[in-house]
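Chemist: In order, the protein sequence lines correspond to chains G, Y, Z and D. Counting from 1, position 239 in the first sequence corresponds to residue 302 in the working numbering; the numbering is continuous, with no gaps. Counting from 1, position 303 in the second sequence corresponds to residue 366 in the working numbering; the numbering is continuous, with no gaps. Counting from 1, position 96 in the third sequence corresponds to residue 870 in the working numbering; the numbering is continuous, with no gaps. Counting from 1, position 237 in the fourth sequence corresponds to residue 1011 in the working numbering; the numbering is continuous, with no gaps.
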Amino acid sequence: MQKLGMGQAVNQALREEMVRDPGVFIAGEGVGVSIHDSPMLPTHGLLAEFGPKRVKDTPVSEAAIAGLAVGAAEAGLRPVIEIMFNPFFTLASDMIVNHAAKLRYLSGGKSSFPLVVRMKSGAGFGAGCQHSHNLEAWVAHCPGLKVVMPSTPADAKGLLKSAIRDPNPVVFIEDMMLYFAPGPVPEGEYLIPIGKADVKRPGRDVTVVTWSKMLGVALGAAGKLAAEGIEAEVVDLRTLSPLDTETILASVRKTGRLVVLHEASRTGGFAGEVAAVVMEQAFESLKAPLRRVTGPDIPVPASPPLERFYIPDEGQLIAAVKDIV
Amino acid sequence: MQKLGMGQAVNQALREEMVRDPGVFIAGEGVGVSIHDSPMLPTHGLLAEFGPKRVKDTPVSEAAIAGLAVGAAEAGLRPVIEIMFNPFFTLASDMIVNHAAKLRYLSGGKSSFPLVVRMKSGAGFGAGCQHSHNLEAWVAHCPGLKVVMPSTPADAKGLLKSAIRDPNPVVFIEDMMLYFAPGPVPEGEYLIPIGKADVKRPGRDVTVVTWSKMLGVALGAAGKLAAEGIEAEVVDLRTLSPLDTETILASVRKTGRLVVLHEASRTGGFAGEVAAVVMEQAFESLKAPLRRVTGPDIPVPASPPLERFYIPDEGQLIAAVKDIV
Amino acid sequence: MPASKEKKLEMLRSMLLARKFEEELTELCKIKNKIPGMMILCTGQEAVGAGVCAALEADDVIITNHRSHSHLLAKGADPKLLMAEIFCKRTGCNKGKSGTLHLAVPEVNAPCTTTVVGGGPPIAVGRAFAQQYRGEKRVTVCFIGDGAANEGSVHEAMNLASVWRLPVVFVCENNVYAGAQRYEEHTRAANIADRAAGYGMPGVVVDGNDAAAVYDSVREARERALAGEGPTLIEYKTYRWRGHGENDMQLYQPKDEIARWQAACPIPRLRADMLAEGLVTADEVRTMEAQAESVVLEAIRFAEDSPYPEPHEALEDVFA
Amino acid sequence: MPASKEKKLEMLRSMLLARKFEEELTELCKIKNKIPGMMILCTGQEAVGAGVCAALEADDVIITNHRSHSHLLAKGADPKLLMAEIFCKRTGCNKGKSGTLHLAVPEVNAPCTTTVVGGGPPIAVGRAFAQQYRGEKRVTVCFIGDGAANEGSVHEAMNLASVWRLPVVFVCENNVYAGAQRYEEHTRAANIADRAAGYGMPGVVVDGNDAAAVYDSVREARERALAGEGPTLIEYKTYRWRGHGENDMQLYQPKDEIARWQAACPIPRLRADMLAEGLVTADEVRTMEAQAESVVLEAIRFAEDSPYPEPHEALEDVFA
Ligand SMILES: Cc1ncc(C[n+]2csc(CCOP(=O)(O)OP(=O)(O)O)c2C)c(N)n1
Ligand SMILES: Cc1ncc(C[n+]2csc(CCOP(=O)(O)OP(=O)(O)O)c2C)c(N)n1
Ligand SMILES: [Mg+2]
Ligand SMILES: [Mg+2]
């Protein structure tokens, strides 16, 4: 099987969908002519292949970029826009939250907004809190939006293709550090449905629910725990909204224990939603308290030792698991 | 004791703080000259009393309004800005989330941002989802911000005064429907500390955690439940961030049962945080599953029967409580 | 090409309809709980909607805002469905989900109405981009107010539309107020249209109470857009007779200012011109007025007789 | 009042310092993992920071952006503390919390630096509001790039500053690129300064490689601001010699364009003028260069010798 970084997998999905559907176009800051020239990046080569009509470099104007998507989607095109880094979602958020997500409802179901917002997220590249601030919990708390946050190149490809074909607005969040970690990607066309979690490692003793880059931490920790006889089941949400509560509940009903792991800061993070769902619907199965392993309630600092301190690691996850097993 | 609506109580707090501290000024759309002429509204009469130097009507420019607060606060003034309705928080969110909340951290603690963002929220006035969209969970998921959401006029007054004196950015969210519901307010100066929840009704059978307008629903339901012999303890968070976990935990350790009630839509709402805290730290005390009573995962509709359907009511809360007691 | 007789008749008809439509709403608002939510009227500004839409083809798109009645009626929206939506009834054009503030009528190419001030222009840019992308000979008109011009989104949208030569016409209805704030208090430049040069596009100031002039200016901007030269910003000087909404006490609006602008009402003005030019007779005008009245009264009857949506219908129409 | 001898010496000194500072950073970036995160240099643009800051008093405030080295050095920031912060060390001016992108130096009245493009102007408006509120005879200068000018926040801030006559000077460094995008691809107007008229404020275009001209233009804007007449937008035409960041391959930047602008380097230009005017001797210039070098090398030594912060220090400085 081909080995690709997540950026390359996203790139394949974009290419295939642009070939398939002439209504698909991409727009954003540097999606065409870029300061980088790396084939590891998601939009590499697309300008050369599809030309400036379908690969649109925009001014530094996040609200206009998002509005472009809203209007073009209503007209029946399939915009895939890029918001360079998650903190800049704020600047596009009126268009995405008050418009993309609501205008269909406000029209009584007459207008539709099939658009994709791709967004880079994650800490780990030393740029500090105005570039690194995971806000997936914001997006997941917004009726009318779907939220996808893949953890592997293979998932990213199949999910992005589904997102582009979805008749609704989808926010697709890519942890930038995953661009550079190659993984197997099936050849040829395939789709992964939005709204389905994936058990990335089965286990009987504890359920670890996670998504995006933290999957790697979860699997690493699970391997080490297994060596000590603790079998963690790792559930990769893949989609935060709509949330696959069935898969979560089935796992917790089996293991009786829940740890939620995410990179975003703790208070108000999406772990709370997972905890609430479990506490509502699998209470009788629970044998132990919840543990959350998350970023602390601070902005992401720039200095390497501080940034490492911010990002949850295997040691913290292992300690949390052992605490409740 | 005087009886005031929450708008009047906010007004008193603003007046007293403006008298006390010449660095306090207010700014926003219509905070001075207004289309309304109602003494029930928070900024009524302040322009006449303090003049246009300290009561600043702004253009319709939410980012500039928020930036005004950031810059003026750094200079040592005490800005109190108003974002007219919660959905427009999106337009100010870059300034509030990426700047007010982070610039102190980014400066290594050298610069400070003592500002207050007042924001109207809540459904119930038939304006639909671009005016009504409770996003307190967004703000509470942002390190560097404090989030206050009072439920009574008396709390509003004491909390706003604390917010204005706080050396950090505070987002102060007022449910507009509460402006018109008079309640007792102590005469004279008093402060209510940020970060302290309040048990608004003691009870032994179930803990209802809520905030803002939903307190009324909680107390109404608690009264009816009491008539049936079920004693609900109603915990009013008042501050979402920093969260008073002690008060929540003490209550749940006593009752063993938790219902969280909020008006915001369900998925990703702040109920999740409350649930997670309890599940982490009071697991052994829990006798029953969690119940959440919240707005559904839809935008707030305009038509009265639809909007009523959206807003959680006593019936739903009573049913949820009975389900687990 | 100045407005033909037919176009002038169309404009007069749509102004009469919008005026009557809103005069009735003014009255209905006095009846407690008759109409839920806010009520935002464009009484006195009808020449803008009428002139703009008369200059458009059916397939041209408009993106409008909170003060949309005359725009939508002029674009051909069914008054019954609009009225029912304003009443928040199930038969309304948006099934009661919207109410008066975000009336969307995709049937007449008014697919996205937003009450977020400044929300329209970025969307209009996207709609116009689709027209350009597909090679359609169509334009998108975006209505904003003078106050909206100070939103950042409007700036970003105008710049992008100009850089990409998109077929957009930005229509700014300068009605002197943004809420309770006078123009001079929110903008220092003499005209909003003065901003166009900063985007490398034409900025035009037009008498917004002169329907024929409105028509002409949009025809010209439309030509330019279709020729691939990009957007135009047209500012129409007009006036908001009524308050920001019907709950506005208008304490800040000088009475004589209102009277002055009422004396400059766009409807008698167009009517007088047409009578003078012999394009219409006094009798024909009376017939048009009667028609407008009967259409509006029928719309109100329809709205009043319609049921509210069932509560659980709130759950529909979130996702496609 | 044109720049005095002292002011010109100050500008030359600060340009030499900034140039040396960044030349060393260029070299350090070639050493893997020497400096964490991004590296964004203003090499070639030093006349703007030098000229602007020479025209300011110590109590005047600057709000700068991601490309801030020459601004901060010219405003008097300690090179050691800046360098240590760029190295992400505990001794850095922001204790390693910021790194290179948001260097804040309140000690020299550069209290809020933001790497959110367009984030500066609204904050500058607030800072200038405080100056006006307190009756201080001070101004706030806000640095933005040509690309930033297309952010909505900049529009809102310029409008508000002008309506309220705030003492702000908006400085737009037009260095031809925003990331990999050329000016013509993001803006259709010939100049960013053409936008000023739309806010009712003066817009001035100045050669950004002419330090003395930069100085003059800011003195004038500062006078205007202090006289209560409000903001000015000054656009400096200059050029980004290096890539957007040091990881930029510059494939899109024509080599001959870079060469042309390098030939127009602001440093030899000011030096030549000063030599011709007899304000400085060649020997004195060499001494200044040597001083700059020793300051920079000492700063690097300080940064290299400094410890990283302890991990748990990440938890500090969130709240006051
Ligand atoms: C983003 C945003 N801010 C504030 C409001 C509240 N608001 C509604 S209309 C309005 C004034 C708009 O003025 P203008 O653009 O001149 O339009 P007009 O009402 O005069 O037609 C305001 C402030 C809003 N709806 N959206
Ligand atoms: C809101 C926002 N969008 C995008 C970026 C990424 N970015 C950083 S610098 C830059 C280009 C800015 O260009 P310009 O304003 O001309 O400044 P210059 O880099 O040329 O000094 C971009 C797009 C950002 N930091 N913030
Ligand atoms: Mg107006
Ligand atoms: Mg630039």
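For every residue, glycine included, the Cβ atom is placed at its ideal position computed from N, Cα and C. Quantities reported herein were computed from a predicted structural model and do not represent experimental measurements.
Could you tell me if the beta carbon of Tyr1010 of chain D falls within a distance shorter than 7 Å of some heavy atom in ligand 4?
Modeler: Start at 1 with the first residue of the fourth sequence, and residue 1010 of chain D comes out as number 236. Answer for Tyr1010 of chain D: no, Cβ out of range of ligand 4.
Chemist: Mind pulling the beta strand (DSSP E) runs of 3 or more residues that sit fully within the segment 183-223 of chain G?
Modeler: DSSP runs (the beta strand (DSSP E)) wholly in the segment 183-223 of chain G: 209-211.
Chemist: Residues bridged to Leu415 of chain Y by DSSP?
Modeler: A question about residue 415 of chain Y goes unanswered here, because the residues of chain Y that appear run from 64 up to 388.
Chemist: Under 8 Å between the Cβ atoms of Ile311 of chain Y and Ala383 of chain Y?
Modeler: Residue numbering aside, residue 311 of chain Y sits at position 248 when the second sequence is read from its first letter. Residue numbering aside, residue 383 of chain Y sits at position 320 when the second sequence is read from its first letter. Not in contact: Ile311 of chain Y and Ala383 of chain Y (Cβ atoms no closer than 8 Å).
Chemist: Taking a cut-off of 7 Å, which residues have a beta-carbon closer than that to any heavy atom of ligand 4, in chain order?
Modeler: Qualifying residues come out as D:Gly919, D:Asp920, D:Gly921, D:Glu947, D:Asn948, D:Asn949, D:Val950, D:Tyr951, D:Ala952, D:Arg1014.
Chemist: Kindly indicate if chain G contains any beta-carbon less than 8 Å away from that of Glu153 of chain Y.
Modeler: Translated into positions along the second sequence, residue 153 of chain Y becomes position 90. It should be pointed out that residue 153 of chain Y corresponds to Thr in this sequence rather than to Glu. Output row for Thr153 of chain Y: interface = yes.
Chemist: Give every residue of the same chain whose Cβ lies closer than 7 Å to the Cβ of Gly258 of chain Y, excluding the five residues on either side of it in the sequence, and list them in chain order.
Modeler: Translated into the one-based positions of the second sequence, residue 258 of chain Y becomes position 195. Closer than 7 Å at Cβ, skipping near neighbours: Thr302, Pro305, Asp307.
Chemist: Note down, one range per segment and in chain order, each alpha helix (DSSP H) of at least 4 residues found wholly within the segment 1041-1079 of chain D.
Modeler: Fully enclosed alpha helix (DSSP H) runs of 4 or longer: 1056-1079.
Chemist: Check whether the Cβ atoms of Gly187 of chain Y and Pro364 of chain Y lie closer than 8 Å to each other.
Modeler: The residue you call residue 187 of chain Y lines up with position 124 of the second sequence. The residue you call residue 364 of chain Y lines up with position 301 of the second sequence. It is not a contact, given that the beta carbons lie outside the stated cut-off.
Chemist: Taking 7 Å as the cut-off, is the beta-carbon of Thr889 of chain Z closer than that to any non-hydrogen atom of ligand 1?
Modeler: In the third sequence, counting from the first residue as 1, residue 889 of chain Z sits at position 115. Checking the Cβ of Thr889 of chain Z against ligand 1 gives yes.
Chemist: Could you give the uninterrupted runs of the alpha helix (DSSP H) lying entirely in the segment 111-173 of chain G, keeping only those of 4 residues or more?
Modeler: Those alpha helix (DSSP H) runs which fall completely within the segment 111-173 of chain G and span 4+ residues are 125-137, 152-156, 166-169.
Chemist: Taking the alpha-carbon positions, what's the Phe795 of chain Z to Tyr989 of chain Z distance?
Modeler: Reading the third sequence from its first residue, position 21 is the one you call residue 795 of chain Z. Reading the third sequence from its first residue, position 215 is the one you call residue 989 of chain Z. Using only the alpha carbons, I get a separation of about 22 Å.
Chemist: Looking at the structure shown, is Arg1155 of chain D part of a helix, part of a strand, or coil, going by DSSP?
Modeler: Residue numbering for chain D in the displayed model covers 775 to 1094; residue 1155 of chain D lies beyond these limits and cannot be assessed.
Chemist: Please report how far the alpha carbon of Ala986 of chain D lies from the alpha carbon of Met277 of chain G, in whole angstroms.
Modeler: The residue labelled residue 986 of chain D in the question sits at position 212 within the fourth sequence. The residue labelled residue 277 of chain G in the question sits at position 214 within the first sequence. Computed Cα separation, rounded: 54 Å.
Chemist: Counting only beta-carbon separations shorter than 8 Å, does Glu801 of chain Z have a partner in chain G?
Modeler: The residue labelled residue 801 of chain Z in the question sits at position 27 within the third sequence. No, Glu801 of chain Z does not count as interfacial toward chain G.
Chemist: Please confirm if Gly421 of chain G has its CB atom under 8 Å from at least one CB of chain D.
Modeler: The shown model of chain G, from 64 to 388, leaves out residue 421 of chain G, and the question about it has no answer.
Chemist: For Pro362 of chain G, which three-state DSSP category applies?
Modeler: Walking along the first sequence from the start, residue 362 of chain G turns up at place 299. Pro362 of chain G: coil per DSSP, three-state reduction.
Chemist: Between Pro813 of chain D and ligand 2, is there a pair consisting of the residue's CB and a ligand heavy atom that are separated by less than 7 Å?
Modeler: Along the fourth sequence, read from residue 1 onward, the residue named residue 813 of chain D stands at position 39. A small fix is needed here, since residue 813 of chain D is Met in this sequence, not Pro. Every heavy atom of ligand 2 is 7 Å or more from the Cβ of Met813 of chain D, so no.
Chemist: Hey, how far is the Cα of Leu67 of chain G from the Cα of Glu250 of chain G?
Modeler: Locating residue 67 of chain G in the first sequence gives position 4, counting from the first residue. Locating residue 250 of chain G in the first sequence gives position 187, counting from the first residue. Whole-angstrom Cα-Cα distance: 11 Å.
Chemist: May I ask you to list the residues that DSSP assigns as paired with Val384 of chain Y?
Modeler: Start at 1 with the first residue of the second sequence, and residue 384 of chain Y comes out as number 321. The partner list for Val384 of chain Y (beta bridge, DSSP) is empty, contrary to what the question assumes.
Chemist: By the three-class DSSP mapping on this structure, what secondary structure does Arg228 of chain Y have?
Modeler: Here the question's residue 228 of chain Y lines up with position 165 in the second sequence. Note: Arg228 of chain Y maps to helix in three-state DSSP.
Chemist: Since Glu80 of chain G and Lys224 of chain G are thought to touch, with beta carbons under 8 Å apart, how far apart are those beta carbons, to the nearest angstrom?
Modeler: For this step, residue 80 of chain G is matched to residue 17 along the first sequence. For this step, residue 224 of chain G is matched to residue 161 along the first sequence. Glu80 of chain G to Lys224 of chain G, Cβ: 6 Å. Contact.
Chemist: Under a CB-based cut-off of 8 Å, is Ala970 of chain Z close to chain G?
Modeler: In the third sequence, counting from the first residue as 1, residue 970 of chain Z sits at position 196. So no, Ala970 of chain Z is outside the interface.
Chemist: Three Cβ pairs or more, each shorter than 8 Å: is that satisfied between the segment 954-968 of chain Z and the segment 837-856 of chain Z?
Modeler: Cβ pair count under 8 Å is below three, so no.
Chemist: Roughly how many whole angstroms lie between the Cα atoms of Leu855 of chain D and Val891 of chain Z?
Modeler: As a first step, residue 855 of chain D is located in the fourth sequence; it is residue number 81 there, counting from the start. As a first step, residue 891 of chain Z is located in the third sequence; it is residue number 117 there, counting from the start. Those two C-alpha atoms are separated by around 44 Å.
Chemist: So what does Val945 of chain Z bridge to, in DSSP terms?
Modeler: Locating residue 945 of chain Z in the third sequence gives position 171, counting from the first residue. Val945 of chain Z pairs with Z:Phe917, Z:Ile1008.
Chemist: Does any residue of chain G have a CB that is nearer than 8 Å to the CB of Asp1079 of chain D?
Modeler: What you label residue 1079 of chain D is simply residue 305 of the fourth sequence in a count that begins at 1. Asp1079 of chain D does not count as touching chain G.
Chemist: According to DSSP, simplified to helix, strand and coil, what is Thr302 of chain G?
Modeler: Reading the first sequence from its first residue, position 239 is the one you call residue 302 of chain G. Residue state, collapsed to three classes: strand.
Chemist: Go through its chain and collect everything with a Cβ distance to Arg354 of chain G's Cβ below 7 Å, but skip five positions before and after it.
Modeler: The residue labelled residue 354 of chain G in the question sits at position 291 within the first sequence. For Arg354 of chain G, where only same-chain residues beyond five positions count, the Cβ hits under 7 Å are Val322, Ala383, Asp386, Ile387.
Chemist: Could you compute how far the alpha carbon of Ser366 of chain Y sits from the alpha carbon of Pro1083 of chain Z?
Modeler: Your numbering for residue 366 of chain Y matches position 303 in the second sequence. Your numbering for residue 1083 of chain Z matches position 309 in the third sequence. About 8 Å.
Chemist: As an exercise, report each continuous beta strand (DSSP E) stretch of at least 3 residues that is fully enclosed by the segment 988-1036 of chain D, in chain order.
Modeler: For the segment 988-1036 of chain D, whole beta strand (DSSP E) runs of length 3 or above, ordered along the chain, are 1006-1011.
Chemist: Would you say Cys1080 of chain Z and Lys808 of chain Z are within 8 Å of each other, going by their C-beta atoms?
Modeler: The sequence position of residue 1080 of chain Z within the third sequence is 306, counting from 1. The sequence position of residue 808 of chain Z within the third sequence is 34, counting from 1. The sequence given here places Ser at residue 1080 of chain Z; Cys does not occur at that position. No, they are not a contact pair.
Chemist: Residue range of the alpha helix (DSSP H) that Pro247 of chain Y falls in?
Modeler: Taking the second sequence and counting its residues from 1, one reaches residue 247 of chain Y at position 184. Here Pro247 of chain Y belongs to no alpha helix (DSSP H); instead the beta strand (DSSP E) covers 246-248.
Chemist: Ala226 of chain G and Val211 of chain G - do their beta-carbons sit closer together than 8 Å?
Modeler: Numbered from 1 along the first sequence, position 148 holds the residue referred to as residue 211 of chain G. Numbered from 1 along the first sequence, position 163 holds the residue referred to as residue 226 of chain G. Yes, the Cβ-Cβ distance between Val211 of chain G and Ala226 of chain G is below 8 Å.
Chemist: Counting C-beta neighbours from all protein chains within 10 Å, is the total for Ser275 of chain Y 16 or more, i.e. buried, or is it exposed?
Modeler: What you label residue 275 of chain Y is simply residue 212 of the second sequence in a count that begins at 1. Result: buried.
Chemist: Between which two residues does the beta strand (DSSP E) carrying Glu92 of chain Y extend?
Modeler: The residue given as residue 92 of chain Y occupies position 29 in the second sequence. Here Glu92 of chain Y belongs to no beta strand (DSSP E), and DSSP marks it neither H nor E.
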